[in-house]
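Novice: In my numbering, the protein residues as written are 101 to 335.
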């Protein structure tokens, strides 16, 4: 065990801390104290405001660490949780041991605004309105998946919050972060493809990445044993 015996697992969008129970158990068996909180708007944690943005979720994490007196935790961030972990680690390098990110959309081919404008143009267009409701739903799924914003489709009543969050560019954080960052990716991830790992490495040569075959975006909770095997030498 390295310098930190504390681990915080930050869940993906539309999920909650309970989803990572098996991973938490595996880590606890190795002697780590594990925290897997629910973000505001998910699980048992109420949403504070529809105007919440990434900074608010970072502040939520900061308050959690203060309240529980968690010393130098390792942050494991899955997808959306990785956004929070990355910004928190960038802003508070002295408070974090290292980051382990998986399925986090750090790089995009197009800006969020262009993607949403494209999807909105199709979804809100006259032709789209002529389709039966059941077909509209199928088209929405295909479009949001195609533009790499599957979480946006799932956002439901939290769509405005999600827009606020993913409108923020993460490139600066990954380029300038001063703590170790490990990227453990499902090789079959279709939501945030593993092909972007090489681009992230170009932004920060200190980043270490690895792909895990036979699994996709749900790696940390669909294959927790496999994920644990990949990270146990890093923690």
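Beta carbons are placed, not taken as given, at the ideal position from N, Cα and C, and that holds for glycine. Remember, predicted model here, so these are calculated numbers, not experimental data.
Please report the distance separating the alpha-carbon of residue 175 from that of residue 206.
Specialist: Answer to the nearest angstrom: the Cα atoms are 16 Å apart.
Novice: Cα separation between residue 126 and residue 275?
Specialist: Residue 126 and residue 275: Cα-Cα distance of roughly 31 Å.
Novice: Only counting runs of 3 or more residues, tell me where the beta strand (DSSP E) segments fall wholly within the region 121-200, in order along the chain.
Specialist: The region 121-200 contains these whole beta strand (DSSP E) runs: 133-135 and 174-178.
Novice: Per DSSP, what kind of secondary structure is residue 110 in: helix, strand or coil?
Specialist: Strand, per DSSP.
Novice: To the nearest whole angstrom, what separates the beta carbons of residue 282 and residue 198, a pair I think is in contact under 8 Å?
Specialist: 7 Å between Cβ atoms; contact.
Novice: Would you please state the rounded distance, in angstroms, between the beta carbons of residue 284 and residue 329? I believe it to be under 8 Å.
Specialist: Not quite, the Cβ-Cβ distance comes to about 10 Å (not below 8 Å), so this is no contact.
Novice: So what does DSSP say about residue 292, is it helix, strand or coil?
Specialist: Residue state, collapsed to three classes: coil.
Novice: Go to residue 312, then tell me how far its beta strand (DSSP E) extends in each direction, as first and last residue.
Specialist: Run containing residue 312: 308-312, per the beta strand (DSSP E) assignment.
Novice: Which of the three DSSP states, helix, strand or coil, is assigned to residue 283?
Specialist: In the structure shown, residue 283 sits in a strand (DSSP, three-state: E or B).
Novice: Going straight from the alpha carbon of residue 147 to that of residue 120, what length do you get?
Specialist: So the two alpha carbons sit approximately 21 Å from each other.
Novice: Tell me whether residue 308 is buried or exposed, calling it buried when 16 or more other Cβ atoms sit within 10 Å of its Cβ.
Specialist: Counting Cβ neighbours within 10 Å, residue 308 comes out exposed, since fewer than 16 surround it.
Novice: Looking at the secondary structure, which residues open and close the alpha helix (DSSP H) in which residue 320 lies?
Specialist: 319-322 is the extent of the alpha helix (DSSP H) around residue 320.
Novice: Measure the beta-carbon distance from residue 190 to residue 277 and round it to whole angstroms, keeping in mind my assumption that it falls under 8 Å.
Specialist: Confirmed, Cβ separation roughly 5 Å.
Novice: Near residue 271, which residues of its chain fall below 8 Å by C-beta distance, leaving aside the five closest residues on each side in sequence?
Specialist: If we look at residue 271 and ignore the five residues flanking it on each side, its Cβ neighbours are 206, 207 and 303.
Novice: With C-beta atoms as the reference, is residue 187 less than 7 Å away from residue 273?
Specialist: Yes.
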